[in-house]
Amino acid sequence: MVATNRPFDLDDAVLRRLPRRLLVDLPLQADRTAILKILLKGETLDPAVSLEDLAKRTPYYSGSDLKNACVAAAMAAVEEENEAAARHSGPEPYEYPKKRILRQDHFDKALRQIPASISEDMQSLKQIRKFDEEYGAKKKGAKKMMGFGVGVEKKFADAEEVRIRRGP
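Reminder that position 158 of the sequence shown reads as 158 in full-length UniProt numbering, one-by-one numbering, no gaps.
Here you go:
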């Protein structure tokens, strides 16, 4: 088994020894919503926070990027509480809330701090997709195989639908 972010740098002799080639692409919007639900499980979200909206706002975010954004949102909430504690001047000690609540403004700040680690115009993304067209399931004459992955029906789908695709 081999995994790489730079398949186009592999020698032809190596490629011949790899019977299957899988493209694990960036998550679709529905996948990002599911990832956010998993990452934020156990967190208290303000009712105004919409995970679907966050997923729409995060194209080209990987699962790792989403995790970093969630951590940044939580840190924004903590920083806010620490600033409130520092401003507190009453005779009694500042009482922190029992449960941290993540609000929309925390996520807004996080998304400004944590951009997607890849963009559509990045050369490496273009090269990976070109490699997939030449050597993966899109290869001309390649036997069509079933697509599989999150949110993919059991059929061979086009590149926008298939996020994990088997090669020849």
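Each residue gets a CB set at the ideal place from its N, CA and C atoms; glycine is no exception.
Keep in mind that this is a model prediction, so the values were computed, not measured.
Which residues in the same chain have their Cβ closer than 7 angstroms to the Cβ of residue i, if we skip the five residues on either side of it in sequence?
i, result
"Gln113", "Ala72"
"Val2", "Leu18"
"Gln123", "none"
"Asn68", "Ile114"
"Tyr60", "Leu26, Ala116, Ile118, Ser119, Glu120"
Using 10 angstroms around the beta-carbon of residue i, count the other beta-carbons present and answer buried if the total reaches 16, otherwise exposed.
i, result
"Gly42", "exposed"
"Met145", "In this predicted model, Met145 has a pLDDT of only 46, less than 50, meaning its place in the structure is not dependable; the value taken from the coordinates is given anyway. Exposed: under 16 other Cβ atoms inside 10 Å."
"Pro7", "buried"
"Gly90", "exposed"
"His106", "buried"
"Gly147", "Here Gly147 scores only 46 on pLDDT, less than 50, and its place in the model is too uncertain to base an answer on."
"Pro27", "buried"
"Glu160", "Residue confidence for Glu160 is low, a pLDDT of 43 falling below 50, so the modelled location carries little weight and cannot support an answer."
"Arg87", "exposed"
"Asp132", "buried"
Under the assumption that residue i contacts residue j (Cβ atoms under 8 angstroms), give the Cβ distance between them as a whole number of angstroms.
i, j, result
"Ala77", "Arg100", "5 angstroms"
"Asp65", "Ala116", "5 angstroms"
"Tyr135", "Leu40", "Their Cβ separation, rounded to whole angstroms, is 37 angstroms, which puts Tyr135 and Leu40 out of contact at 8 angstroms."
Can you find the residues in the same chain that come closer than 6 angstroms, C-beta to C-beta, to residue i, ignoring five residues on each side of it along the sequence?
i, result
"Arg32", "Ala55, Thr58"
"Arg103", "Asp46"
For residue i, which residues from the same chain have a beta carbon less than 8 angstroms from its beta carbon, with the 5 sequence-adjacent residues on both sides left out?
i, result
"Glu81", "Tyr96, Pro97, Arg100"
"Ser62", "Leu26, Pro27, Ala116, Ser117, Ile118"
"Thr4", "Leu10"
"Thr44", "Lys99, Arg100, Ile101, Leu102"
| query | Counting pairs of Cβ atoms below 8 angstroms between the region 117 to 130 and the region 82 to 99, do you hit three or more? | reply | no
| Fully enclosed by the UniProt domain "AAA ATPase AAA+ lid" (49 to 83), which alpha helix (DSSP H) runs are 4 residues long or longer? | 51 to 56
| Segment contact, 8 angstroms Cβ cut-off, at least three pairs: the region 20 to 38 with the region 51 to 70 | yes
| request: Mind the definition here: the region 67 to 83 touches the region 102 to 119 only if three or more C-beta pairs lie below 8 angstroms; say whether that holds. | output: yes
| request: Would you list, in sequence order, the uninterrupted beta strand (DSSP E) runs of no fewer than 3 residues that lie entirely inside the region 97 to 138? | output: none
| What runs of the beta strand (DSSP E), each 3 residues or longer, lie entirely inside the region 13 to 42? | 22 to 24
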